[in-house]
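Taken in sequence, the protein lines are chains A and B. Just so we're aligned, residue -11 is where the first sequence starts under this note's numbering, counting upward by one. Just so we're aligned, residue 356 is where the second sequence starts under this note's numbering, counting upward by one. Presented below is the structure to which this report refers.
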Amino acid sequence: MWWKFLLGIYMIFIILGAFLYAPTAKGLGETTRILFFHVPCAWIATLAFLVSAAYSIRYLRSQNMLMDLKATSAAQIGLVFTILATVTGSIWANEIWHSYWNWDPRESSIFILLLIYAAYFALRSAIEEKQQKARLASVYSIIAFVTVPFLIFVVPRLVESLHPDPLINTQGKIEMDSKMATVFFGSFVGFTALFFWMLYLKIQTVRLSQVKIKVNSGD
Amino acid sequence: MVKRTFMLVYNSLIVFQKDVQLEFRTRFSINAIILFAITTLTAISFSVGPAKLDITILSALLWIILFFSAMTGLSHIFVREEEQQTADTLRLVTSPLAVFLGKWLFNVVLLFALEIIIVPLFFILMNTSGGNSNLLLMVLFLGSLGLSTVSTIIAAIISQASARGALFAVLAFPISLPIIITSIHGTRLALEGNSVSTGFSDLQILISFFIVILTVSILTFEFIWKSN
């Protein structure tokens, strides 16, 4: 487990880089710095969803309850990051647009992602039997996942957005200051590693608690 | 291969025919969905009064009525099988794919039947003209295809869960949002009298979403339908 210490040091550098090293973007001032945390959060929200859907597919193929545990764990972490992305985005919006929420296409997409996660857990809580719960939740996760590209890429393109898109602009080119880009992509890597570490911890915790139940019940 | 495809279509049509016959015996779904839509439409029309609404609001209202009507009527197709405990027999007699296609066809027909009544009524009560009716019909056609597909697969999921009524809208809403947003946009363009080519990108999104969701539904339905 040496790499978790490495990740800690790496994330410290990212945070320092975001506040001290990276320059601010024109017109956005100091609020630019939320970019290095907000965008990776939104990315993890989507990545967690992909991981959850991938494990759901593996569950349906193998009927292995461990896969269902991984799918749920990924969705739980994804829900946390979705809330983080929504809240950070909302605070930033208040600073720049002077309103916490105004149904900008990006705000709508992340809110819908939040709804999907909520629906996923609502469905899980409405089914008693474990295998059936895993099966139906997996199917819902897959169906919801195929709608995500539509929400994230198609719908925001239909309506005018005020959201700054420095990463993928209309020509599909990356236009960003090189110092900013270093911290930005570094942060992406750091957050992704953080996500997989959290996923690992979550799965281990649940598995250990299952072992404990078995020991206590004397099986 | 040809024989299997033929058998699949034949079996789906038998499932469809069975559901139509059952429907005509009780008229549960058709009554529920049409009365619900008319109630909502009247409620809106009454509360708006003589005021002439903006086109943006009108197109949003139309799709809200259609969405919630779909949410009241379209889950019955699977919930009935579980409530009357006929699902197991159906599992024995035919393949999952035939069941899904038959029930999907039923929901598509039901939603179209609703629209034939409710859409003209909507324009009469709201006192507006159809604008570009070709574009409007295309948006309505593709939008309802998508909406009924989403409703069918979600109905299959919730029929096996508890608290079905509340869950149905909760689960179906995020999935059908791409359809609703795109259809509202397309309807607005049609009501403003734009040409079909202006609304072409909306139609493209609706077609691709419909194809994607139908494919995924067909691939995953087997896992929903099989019992433990």
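For every residue, glycine included, the Cβ atom is placed at its ideal position computed from N, Cα and C. Nothing here was measured: the structure is a model prediction, and the numbers come from that model.
Residue i - DSSP class collapsed to helix/strand/coil
i: M55/A; result: helix
i: M186/A; result: helix
i: F565/B; result: helix
i: N204/A; result: helix
i: H431/B; result: helix
i: G404/B; result: coil
i: K358/B; result: helix
i: W418/B; result: helix
i: S367/B; result: helix
i: R195/A; result: helix
i: I156/A; result: Unreliable placement is indicated for I156/A, whose pLDDT of 44 sits below 50; no coordinate value is reported for it.
i: T76/A; result: helix
i: L16/A; result: coil
i: N82/A; result: helix
i: K581/B; result: coil
i: V571/B; result: helix
i: G174/A; result: helix
i: V551/B; result: coil
i: N386/B; result: helix
i: S424/B; result: helix
i: T483/B; result: coil
i: S556/B; result: helix
i: F576/B; result: helix
i: Q439/B; result: coil
i: S61/A; result: helix
i: A516/B; result: coil
i: Q372/B; result: helix
Anticipated Cβ contact below 8 Å, residue i with residue j, distance rounded
i: I573/B; j: F461/B; result: In fact, because the Cβ distance is near 16 Å, the residues do not count as touching under 8 Å.
i: Y47/A; j: A122/A; result: 6 Å
i: F640/B; j: S424/B; result: Beyond the ends of chain B as shown, which are 356 and 583, falls residue 640/B; an answer cannot be given.
i: G486/B; j: L546/B; result: 4 Å
i: V463/B; j: S503/B; result: 5 Å
i: I530/B; j: I131/A; result: 6 Å
i: F179/A; j: I32/A; result: 5 Å
i: L469/B; j: I568/B; result: Contact doesn't hold; Cβ gap of about 20 Å is too wide.
i: Y105/A; j: Y128/A; result: About 11 Å; that fails the 8 Å criterion.
i: T19/A; j: I84/A; result: 6 Å
i: V434/B; j: R519/B; result: 6 Å
i: V171/A; j: A6/A; result: 6 Å
i: L561/B; j: I534/B; result: 7 Å
i: A73/A; j: I100/A; result: No, A73/A and I100/A are not in contact; Cβ-Cβ is about 13 Å, not under 8 Å.
i: F528/B; j: L103/A; result: 7 Å
The alpha helix (DSSP H) enclosing residue i, as first and last residue numbers
i: D165/A; result: Counting along the chain, D165/A falls outside any alpha helix (DSSP H), and DSSP gives it neither H nor E.
i: Y128/A; result: 118 to 137
i: L102/A; result: 93 to 113
i: Y43/A; result: 23 to 50
i: K458/B; result: 451 to 480
i: Y(-2)/A; result: -9 to 4
i: A545/B; result: 519 to 546
i: S488/B; result: 488 to 513
i: L8/A; result: Careful: L8/A lies outside any alpha helix (DSSP H) and carries neither H nor E.
i: D409/B; result: No alpha helix (DSSP H) contains D409/B, which DSSP labels as neither H nor E.
i: A442/B; result: 442 to 448
Below-8 Å beta-carbon distance, residue i vs any chain D residue
i: T135/A; result: No chain D is present in this structure, whose protein chains are A and B.
- prompt: Using 8 Å as the threshold, is the region 395 to 408 of chain B in touch with the region 371 to 384 of chain B, meaning 3 or more CB pairs across them?
  reply: no
message: Whether or not the region 509 to 517 of chain B and the region 473 to 491 of chain B are in contact is what I'm after, with contact meaning three or more pairs of Cβ atoms, one per stretch, closer than 8 Å; do they touch?
response: The region 473 to 491 of chain B vs the region 509 to 517 of chain B: no contact.
- request: Kindly confirm or deny that the region 109 to 118 of chain A and the region 37 to 44 of chain A touch, where touching means at least three C-beta pairs closer than 8 Å.
  value: no
query: Within the chosen definition, does the region 527 to 544 of chain B reach the region 412 to 424 of chain B through at least 3 CB pairs nearer than 8 Å?
result: They touch, by the three-pair rule.
The region 525 to 541 of chain B contacting the region 464 to 475 of chain B, beta-carbon criterion three pairs below 8 Å: no
field: Stretch-stretch touch, CB-based, cutoff 8 Å, three pairs: the region 19 to 26 of chain A with the region 180 to 189 of chain A
entry: Taking 8 Å as the limit for Cβ pairs, the verdict is that the region 180 to 189 of chain A does not touch the region 19 to 26 of chain A.
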